[in-house]
Amino acid sequence: MLKLFTLRGGVHPEERKQLSSGVAVESLPLSPLLHIPLQQHIGAAATPMVHRGERVKKGQMIARSQGMISAPVHAPTSGRVMGVGGYPAHHPSGLLVTTVTLQPDGEEAWHPAIEPLDDPFALSPKELAGRVAAAGIVGMGGATFPSAVKLNLRQRYQLHTLVINGAECEPYLTCDDRLMQERSEAVISGVRLMAHALGVERVTIAIERNKPEATVAMQQAAAQWPEITIVSIPTQYPMGSEKHLLQILTGEEIPARGLTADIGVVVHNVATAFAVHEALYAGRPLISRLVTVSGGAVRQPKNLEVPLGTPLQDLIDYCGGLSEQPAQLISGGPMMGQPIPSLRVPLVKGSNGVLALTSREVSADTPRPCIRCGGCVEACPCGLVPLEMAAHIRSGNLDSSVKLGLLDCIGCGSCSWACPSHIPLVHHFNYAKGELAARQRQQHQQGETKRLAEARSARMEAIKRAKREQLLKRKREAEAKKRAEEALL
Amino acid sequence: MMAPLTAGPFTHSARSVPATMGWVILALLPATLFGLWHYGWPAIFLFLVTIIAAIVAEALSLKIAAKPIKPALLDGSALLTGWLLALTLPPWAPWWIGVVGSLLAIVIAKQLFGGIGQNLFNPAMVARVALLISFPLEMTQFYAPMPLFSPSAPGFLEGLQITFFGVGHYDAVSSATTLGYLKTELGREIPLSQAESGVASISSMAWGDSAGSLGEGSALLLLLGGGWLLYKKVISWHIPVAMLLTILILAALFHWIDSERYVGPLYHLLSAATMLGAFFIATDLVTSPVTRTGQILFGAGCGLLTFVIRTWAGYPEGVAFAVLLMNGATPLIDHYIKPRIYGRDRHGQPLNRRSPEES
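These protein sequence lines are chains A and W, in that order.
Counting in my numbering, the first sequence runs from 113 upward without gaps.
Counting in my numbering, the second sequence runs from 2 upward without gaps.
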């Protein structure tokens with residue numbers, strides 16, 4: 113048995129996983145229209161490759177990745193492109209983002225390039241990572257960082273361990289739990305492929321203790337691979353944070369601003385491992401995912417396998433609709449998920465949950481003054497003093513909050529959860545981080561303008577100098593000529 | 002300034018400010034009921050007057066400051082302040098002691114600092130100390146306990162007269178607190194072994210059978226309430242344990258050095274002001290440090306000062322002074338004692354920094 117280390121801070125929110133944990137995954141039927149945003153990952157948005165009216169096949173790339181950190185987007189089914197343009201984003205603002213709207217033809221005709229691979233292990237690590245990149249796979253735990261970038265880390269770091277995050281510490285969410293129970297073989301296969309790509313000799317799969325069935329299923333599936341260890345970890349939020357997961361497993365901390373690769377470890381989510389298996393054995397790009405539909409306002413909470421781009425309304429309808437007007441719609445879990453403006457927005461690669469919470473569940477109390485109870489300090493898994501940071505932010509003193517560690521905050525929400533005064537601490541921190549980013553952009557812009565202006569004046573100066581020299585040269589030549597003529601005379 | 006709420010979490014712990022105050026009041030209930038029974042009608046009237054004055058003072062202050070009154074009153078903090086203050090008063094003190102005390106606590110010590118969460122000093126202790134200095138006679142007039150319905154106890158009407166009109170002839174039964182008596186005797190160079198015969202036994206101190214403030218009757222009932230708060234995680238162990246342990250160690254050490262001049266540790270611990278202070282006053286969330294390490298330091302400071310004041314200063318009881326002095330040190334403690342940030346060393350530098358060309 114592996115020795116586990118303790119995590120300071122963290123909280124124990126009511127799990128409420130029983131709503132959907134016993135329900136096997138069902139496939140959602142195709143919707144009449146799919147809206148596929150071109151930005152479903154952290155980094156630069158993908159560039160569209162299709163036009164209105166064009167017919168596409170299932171799995172066909174419809175937008176190519178752009179830049180180092182990006183991911184392509186593929187057609188979830190065959191059909192006709194109805195348009196490429198603005199559609200409400202999967203984001204609290206509901207602002208329009210570039211989206212490909214697809215009308216399925218119902219044929220589900222796969223693109224001819226998609227063929228199963230016989231032995232992906234025959235591929236070199238680099239080729240493997242390349243295929244993962246081409247499949248548009250991003251971190252499926254919600255962070256949506258392009259996975260291939262992480263698989264290529266061995267080029268720059270000494271790696272020894274791959275950690276697979278099956279913690280699923282957010283309340284309500286059970287899709288990773290179901291995935292590990294129902295598709296454990298495929299998950300393990302994906303895990304082994306990732307280990308191969310990374311060139312690591314050890315794999316640790318960490319699962320929270322509240323998922324005993326998943327743990328057993330994964331243990332059975334991994335039994336013949338001695339390099340894979342399944343570890344039961346305590347149920348404690350935010351165990352899904354890779355830095356904190358590593359602290360529990362290794363006792364080591366990632367240096368500030370550092371990566372897990374700094375201590376030789378790469379962390380991937382279980383659902384990402386499944387996507388890697390699909391991409392490498394079946395050749396399928398990431399065009400669907402498992403998602404938990406739950407919350408007190410949902411009639412029949414379920415785990416669904418859903419084509420990307422499906423409007424969330426269709427997921428809710430499939431689950432029997434809403435039993436009451438929800439107080440809050442959330443994409444993701446209730447701790448770190450995002451509020452969504454309406455059920456029109458589509459399911460995207462990072463959606464692990466769609467929650468419709470009742471007013472009883474969200475317990476929206478009006479904030480009271482801070483009573484300095486220190487509850488947030490105790491809850492913070494990063495060793496911060498949230499109450500002081502928030503006080504500085506409220507008084508407009510962003511620099512002081514940065515000195516206190518604002519940029520080390522992972523936004524896990526433990527402090528807000530614990531606060532007896534119901535102060536939205538995370539909201540304060542997000543606001544401050546946004547302000548700082550805007551300030552930095554502005555500074556960068558000012559610097560850029562200054563640089564350009566200086567370059568221009570330097571150029572002008574150079575032209576002037578060149579002219580002057582030309583003039584002098586001509587003058588000298590004329591004088592020389594004159595002297596020569598005089599000498600001749 | 003800030004955009005509308007767009008961030009989670011969308012779920013919340015069951016903790017709230019009113020619930021926290023409610024738990025504390027509930028934990029005080031056994032000792033309070035015991036005190037009210039123990040000291041009879043005058044104590045009941047003083048208790049009610051003090052609490053009502055505190056709530057009225059809070060409402061008036063908020064009204065003058067044009068702040069919303071209802072949520073502040075419902076958070077229970079004014080009730081708790083009045084309650085705690087009442088428990089530290091001599092049970093038969095006249096009504097105006099309670100009123101003046103509540104006004105001092107709520108108006109001066111709390112609202113003038115900006116209301117709940119903004120006050121540097123514990124309001125009830127500010128009031129108690131101000132009363133003690135301003136009205137030393139009324140604040141040190143203790144009577145031997147006369148439980149409700151016992152033959153010698155004042156009845157309802159007599160109680161009203163004692164509290165509201167200062168009428169009543171109970172001088173015959175006036176009595177000093179245990180620590181007060183011992184301090185006086187030691188001051189007269191009477192050895193402890195001799196002085197001890199004149200005070201209540203240790204066990205009666207524990208049960209609360211001696212003269213004292215209203216809520217300081219029973220150390221055991223206060224300990225029970227405090228233990229329950231710990232169990233319910235309304236308070237953490239750091240402040241009370243640090244404070245009690247410091248008092249215990251210091252008292253034991255000095256008693257061991259010179260047992261004729263220094264009171265033994267049990268007198269210190271079972272003087273119920275110690276228990277009230279350790280579990281209900283020093284643990285005041287607003288005026289104590291926010292980190293665990295800071296809380297240990299704070300608690301130890303309270304214990305040290307309590308012992309020093311009791312032993313060498315002019316007052317037989319030192320908890321209120323000790324807590325106030327440490328309240329004053331809280332911002333300093335919070336400034337210097339911060340948790341270590343994840344991934345950084347104590348000085349805030351990233352752990353095992355990589356060389357500059359790499360980063």
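Glycine is no exception: its CB is placed at the ideal position from the N, C-alpha and C atoms.
In the same chain as Met22(W), and ignoring 5 residues on each side of it, the C-beta atoms closer than 8 Å to its own belong to Asp76, Gly77, Ser78, Leu80 and Leu81, in chain order. Beta-bridge pairing by DSSP links Ala468(A) to Leu441(A).
In the same chain as His389(A), and ignoring 5 residues on each side of it, the C-beta atoms closer than 8 Å to its own belong to Ala298, Val299, Ser301, Gly302 and Leu305, in chain order. Checking the DSSP bridge columns, you'll see Gly195(A) partnered with Thr213(A). In this structure, Ala175(A) lies near Pro160(A), with their beta-carbon atoms less than 8 Å apart.
One finds His13 and Ser17 in chain W with Cβ atoms closer than 8 Å to the Cβ of His534(A), taken in chain order. Contact annotation for Lys355(A) against chain W: Tyr343 and Gly344 [CB-CB distance below 9 Å, chain order]. A buried status is given to Pro290(W), since no fewer than 16 other beta-carbon atoms sit within 10 Å of its beta-carbon. Of the residues Gly83(W), Tyr263(W), Ser153(W) and Ile250(W), the one whose Cα lies closest to the Cα of Pro192(W) is Tyr263(W).
For Leu305(W), no CB of chain A lies under 8 Å from its own CB, so it is not counted at the interface with that chain. CA-CA distance, Lys414(A) to Leu455(A), rounds to 17 Å. Comparing alpha-carbon positions, the option among Pro423(A), Arg266(A), Ile317(A) and Ala246(A) lying closest to Pro141(A) turns out to be Pro423(A). Contact between the region 541-561 of chain A and the region 477-493 of chain A is absent, with fewer than three C-beta pairs closer than 8 Å. In the structure shown, Val403(A) falls within a strand segment according to DSSP collapsed to helix, strand and coil. A straight-line Cα-Cα distance of about 20 Å links Gln178(A) and Leu420(A).
Not flagged as an interface residue toward chain W: Cys287(A), since no C-beta distance is shorter than 8 Å. Within 7 Å of the CB of Ser528(A), the CB atoms of chain W belong to Pro10, in sequence order along the chain.
In the three-state DSSP reduction, Trp96(W) falls in the helix class (H, G or I).
Val291(W) belongs to the set of residues whose beta carbon lies under 8 Å from a beta carbon in chain A. Comparing C-alpha distances from Leu469(A) to each of Met572(A), Gly408(A), Leu564(A) and Val137(A) shows the shortest one belongs to Gly408(A).
Spanning the alpha carbons of Gly165(A) and Val244(A) requires a straight line of approximately 29 Å.
In this structure Gly167(W) is not in contact with Pro241(W), their Cβ atoms being roughly 37 Å apart against a cut-off of 8 Å. No Cβ-Cβ contact shorter than 8 Å links Tyr284(A) with Gly376(A).
For a Cβ distance threshold of 7 Å, residue set Pro367 of chain A lies close to Asn353(W), ordered along the chain.
Ile575(A) sits exposed, since fewer than 16 C-beta atoms from the chains shown fall within 10 Å of its C-beta.
Listed in chain order, the non-local C-beta contacts of Ser435(A) below 7 Å within the same chain comprise Ala409 and Arg411, local neighbours out to five positions each way being set aside. For Leu286(W), the residues of chain A that pass the 8 Å Cβ criterion are Ile483, Arg484, Cys485 and Gly486, in the order they occur in the chain.
Within chain W, not a single residue places a beta-carbon under 8 Å from that of Met351(A); the smallest gap is close to 14 Å. Interface flag for Ser177(A) against chain W is unset, since no Cβ pair is found closer than 8 Å. Among the residues of chain A, those whose CB is under 7 Å from the CB of Ile117(W) are Pro481 and Ile483, following chain order. Here Arg563(A) is exposed, its C-beta having fewer than 16 other C-beta atoms within 10 Å. The three-state reading of DSSP puts Gln450(A) in strand, counting E and B together. If only uninterrupted alpha helix (DSSP H) runs of at least 4 residues are considered, those enclosed by the region 274-343 of chain W are 293-313 and 320-337. Ala73(W) and Thr51(W) have their alpha carbons spaced roughly 18 Å apart. According to the DSSP assignment, Ile319(A) belongs to the beta strand (DSSP E) that extends over Arg314 to Glu320. When only Cα atoms are considered, Glu313(A) and Leu265(A) end up about 15 Å apart.
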